[in-house]
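Chains as they are written, first to last, in full-length UniProt numbering: chain A, 1 to 228; chain B, 1 to 228.
Where a beta carbon is used, it is the ideal one built from N, C-alpha and C, also for glycine.
One structure is given here, and the rest of the page talks about it.
2 protein chains.
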Amino acid sequence: MSHTLGVRQAQKQKTRRALLDAALGLLEGQSLSSLGLREVTRAVGVAPTAFYRHFRSTADLGVALVEEALGSLHPTIRTTVSTTGDSEERIARAVELIADHVDAHPAHVRFIARERHGGVQPVREAIREQLARFAGEVGEALAEDPVSAGWSEDDRLMLAQLYVDQMLVTASLFLEALEAGTEAEAGPRKREQERERVTRLATRQLRLIGIGRRHWLDGPAGDGLAAS
Amino acid sequence: MSHTLGVRQAQKQKTRRALLDAALGLLEGQSLSSLGLREVTRAVGVAPTAFYRHFRSTADLGVALVEEALGSLHPTIRTTVSTTGDSEERIARAVELIADHVDAHPAHVRFIARERHGGVQPVREAIREQLARFAGEVGEALAEDPVSAGWSEDDRLMLAQLYVDQMLVTASLFLEALEAGTEAEAGPRKREQERERVTRLATRQLRLIGIGRRHWLDGPAGDGLAAS
DNA sequence: AATTCCGGAGAACAGTTGTTAACTGCATGG
DNA sequence: CCATGCAGTTAACAACTGTTCTCCGGAATT
Numbered sequence: 001m002s003h004t005l006g007v008r009q010a011q012k013q014k015t016r017r018a019l020l021d022a023a024l025g026l027l028e029g030q031s032l033s034s035l036g037l038r039e040v041t042r043a044v045g046v047a048p049t050a051f052y053r054h055f056r057s058t059a060d061l062g063v064a065l066v067e068e069a070l071g072s073l074h075p076t077i078r079t080t081v082s083t084t085g086d087s088e089e090r091i092a093r094a095v096e097l098i099a100d101h102v103d104a105h106p107a108h109v110r111f112i113a114r115e116r117h118g119g120v121q122p123v124r125e126a127i128r129e130q131l132a133r134f135a136g137e138v139g140e141a142l143a144e145d146p147v148s149a150g151w152s153e154d155d156r157l158m159l160a161q162l163y164v165d166q167m168l169v170t171a172s173l174f175l176e177a178l179e180a181g182t183e184a185e186a187g188p189r190k191r192e193q194e195r196e197r198v199t200r201l202a203t204r205q206l207r208l209i210g211i212g213r214r215h216w217l218d219g220p221a222g223d224g225l226a227a228s
Numbered sequence: 001m002s003h004t005l006g007v008r009q010a011q012k013q014k015t016r017r018a019l020l021d022a023a024l025g026l027l028e029g030q031s032l033s034s035l036g037l038r039e040v041t042r043a044v045g046v047a048p049t050a051f052y053r054h055f056r057s058t059a060d061l062g063v064a065l066v067e068e069a070l071g072s073l074h075p076t077i078r079t080t081v082s083t084t085g086d087s088e089e090r091i092a093r094a095v096e097l098i099a100d101h102v103d104a105h106p107a108h109v110r111f112i113a114r115e116r117h118g119g120v121q122p123v124r125e126a127i128r129e130q131l132a133r134f135a136g137e138v139g140e141a142l143a144e145d146p147v148s149a150g151w152s153e154d155d156r157l158m159l160a161q162l163y164v165d166q167m168l169v170t171a172s173l174f175l176e177a178l179e180a181g182t183e184a185e186a187g188p189r190k191r192e193q194e195r196e197r198v199t200r201l202a203t204r205q206l207r208l209i210g211i212g213r214r215h216w217l218d219g220p221a222g223d224g225l226a227a228s
């Protein structure tokens, strides 16, 4: 099997990595649709034409970045959702997991949030596809949870999508909190505060959704309260 | 009062409008950070330098677009949230209102979704500010709703933010549904189907949130079910 | 050991970009 | 009616873009 890959392909993948990393760095201050091919190669210290040996265009590179940012996340999400324990504990663990992920890979998170609705169609498509996979997997995990016993698959999927979107919203908030501490002199003091604020907010939002989930099958007339 | 504005300023606002409209059109296929000043003026049929008579930069134009897209939406949202009636009816009305707004102003919706996390900081800021105002107003409206009686302001605001984010997610889905019917031969048949699908999805998600809302104060141990 | 393969370099292309300066014509206010 | 103000024009600038073609050197294959 893995026969150490040869000096040739090793170097190739090395500059490929350099291109991806440089692009990700440059994308902190702009969107993909304005990222120039030359800009990337210049940052790496390589000739513009070398770019074509790895990607057809910057859009192509963007799709590769999507794979890198979301592709390896599927097992993590699966195990997080289908973990056992008290409802409160599971929420706390999920929120903490999101916060840690944003801390570890802020550029990836920013890239996904930015390009999900960005100006490059193939990239939007790639993100949509990955998120749909997430929703499908969360939906499957919900099927094995007694709280969702008796739910139709349609309902499980609508909740799964709610969870996935909520995850993205929360990740984006954590990212903003991270950046709030990088604003000149504001210092890591405010960053900590903001992080705590987002944690509390996301936790309570997930809690409310969880409550709605537990009473979903109480019956259409079982809510006992008319609104106003 | 309004003394017919003079021929001079009338013409100025006319080209200003043309610039804004042309930019909005061009932004359907790219993001603001890649929108060129010359590109806009060329689309209008005006000299590049004329741009400076109206905006300092394309970022400036973007901020103006944010105002235009969200500024006039505050009264609509306020009345929608604090409308009376059955919970189901209110949800249906809200979803329909979102769908109609996307139909009427698709370019505005796409712009906001795209630039909310886009590469131009002042525009992100402007959007964040408007959405925060929305959340605040929804929070106030919730205070006058008996369903949220006894809620802390903090809790009202966390629900309001959940509603606002959910509104944006739903609007974005309706926009995708709209575009699904513009893909070559797919025809308005699929568009209608997709629109119905999104309507059903958003309705049930709001329903679940509403259920969670009604049971929010049932007490921390009142959920009667342990999760797995 | 000789030959093929291929990642990267170099130079050149036509076209684009934002910004400056000095101008023109016309509605406006005195 | 004349002088001012100002939206829009014209021309030019240096810098940048994506893409093509030709070439080089060294690893990979035979």
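Is the separation between the beta-carbon of residue i and that of residue j shorter than 8 Å?
i, j, result
"tryptophan 216 (chain B)", "leucine 208 (chain A)", "yes"
"leucine 65 (chain A)", "alanine 23 (chain A)", "yes"
"isoleucine 98 (chain B)", "phenylalanine 174 (chain B)", "yes"
"threonine 41 (chain A)", "alanine 50 (chain A)", "yes"
"alanine 126 (chain B)", "valine 164 (chain B)", "no"
"leucine 20 (chain A)", "leucine 26 (chain A)", "no"
"histidine 54 (chain B)", "arginine 16 (chain B)", "yes"
"valine 81 (chain B)", "alanine 141 (chain B)", "yes"
"glutamine 130 (chain B)", "glutamine 166 (chain B)", "no"
"serine 87 (chain A)", "glycine 210 (chain A)", "yes"
Excluding sequence positions up to five away, which residues of its chain have a Cβ less than 8 Å from the Cβ of residue i?
i, result
"arginine 213 (chain A)", "Val147, Ser148 and Leu159"
"histidine 117 (chain A)", "Arg124"
"glycine 85 (chain A)", "Arg93"
"glutamate 39 (chain B)", "Leu26"
Going by beta carbon distance, what residues of the same chain come within less than 6 Å of residue i, once the five residues before and after it are set aside?
i, result
"glutamate 115 (chain B)", "Leu32 and Val123"
"aspartate 223 (chain B)", "Since pLDDT at aspartate 223 (chain B) reaches only 48, below the 50 mark, its modelled position is unreliable, and the value read off the structure follows with that caveat. Cβ within range, chain order: n/a, list empty."
"phenylalanine 170 (chain B)", "The question names phenylalanine, but residue 170 (chain B) in the sequence shown is threonine. Within the same chain, threonine 170 (chain B) has close Cβ partners Ile98 and Ala202."
"alanine 177 (chain B)", "Glu194, Arg195 and Val198"
"glutamate 137 (chain B)", "Arg78"
"valine 108 (chain A)", "In the sequence under discussion, the amino acid at residue 108 (chain A) is histidine, which differs from the valine named in the question. Within the same chain, histidine 108 (chain A) has close Cβ partners Ala69."
"serine 228 (chain A)", "Its pLDDT being 38, under 50, serine 228 (chain A) is placed unreliably in this model, and the value from its coordinates should be taken loosely. Closer than 6 Å at the Cβ level, and outside the excluded window around serine 228 (chain A), lies no residue."
Leaving out five residues on either side along the sequence, give the residues of the same chain with a beta carbon under 7 Å from the beta carbon of residue i.
i, result
"alanine 143 (chain A)", "Arg156"
"leucine 37 (chain A)", "Pro48, Phe51 and Thr58"
"alanine 18 (chain A)", "Val44"
"threonine 83 (chain B)", "Arg90 and Arg93"
"proline 106 (chain A)", "Leu175 and Leu178"
"leucine 102 (chain B)", "Per the sequence presented here, residue 102 (chain B) reads as valine, with leucine not at that position. The answer, listed in chain order, is Val109, Ala171, Phe174, Leu175 and Leu178."
"alanine 180 (chain A)", "Ala186, Lys190, Arg191 and Glu194"
"residue 257 (chain A)", "The requested residue 257 (chain A) is not part of the displayed model; chain A covers only 1 to 228."
Under the rule that 16 or more other beta-carbon atoms within 10 Å means buried, what is residue i, buried or exposed?
i, result
"arginine 110 (chain B)", "buried"
"residue 234 (chain A)", "Here chain A comprises residues numbered 1 to 228, so residue 234 (chain A) is not present and cannot be evaluated."
"alanine 113 (chain B)", "buried"
"threonine 4 (chain B)", "exposed"
"glycine 219 (chain A)", "exposed"
"glycine 62 (chain B)", "buried"
"glutamine 13 (chain B)", "exposed"
"serine 72 (chain B)", "exposed"
"serine 172 (chain B)", "buried"
"glycine 139 (chain B)", "buried"
Any heavy atom of the ligand ADP closer than 7 Å to the beta-carbon of residue i?
i, result
"glutamine 130 (chain A)", "Ligands displayed in this structure: none; no statement on the ligand ADP is therefore possible."
Residues in the stretch 102-120 of chain B having any Cβ partner in chain A nearer than 7 Å: Ala113, Arg114, His117, Gly118 and Gly119
Short-range partners of chain B found in the stretch 188-209 of chain A, where Cβ spacing is below 7 Å: Leu201, Arg204, Gln205, Leu208 and Ile209
Validate contact between the stretch 120-127 of chain B and the stretch 189-199 of chain B using beta carbons, cut 8 Å, 3 pairs: no
Near-chain A residues of the stretch 147-162 of chain B - C-beta to any C-beta below 9 Å: Val147, Asp154, Asp155, Leu157, Met158, Leu159, Gln161 and Leu162
Contacting positions in the stretch 25-37 of chain A - beta carbon closer than 7 Å to chain B: Gly29, Gln30, Ser31, Ser33 and Ser34
Under 8 Å (Cβ pairs) to chain B, residues found in the stretch 70-82 of chain A: none
Residues of the stretch 52-67 of chain B whose Cβ lies closer than 8 Å to any Cβ of chain A, in chain order: none
Members of the stretch 163-190 of chain A near chain B, C-beta cut-off 7 Å: Asp165, Val169 and Ser172
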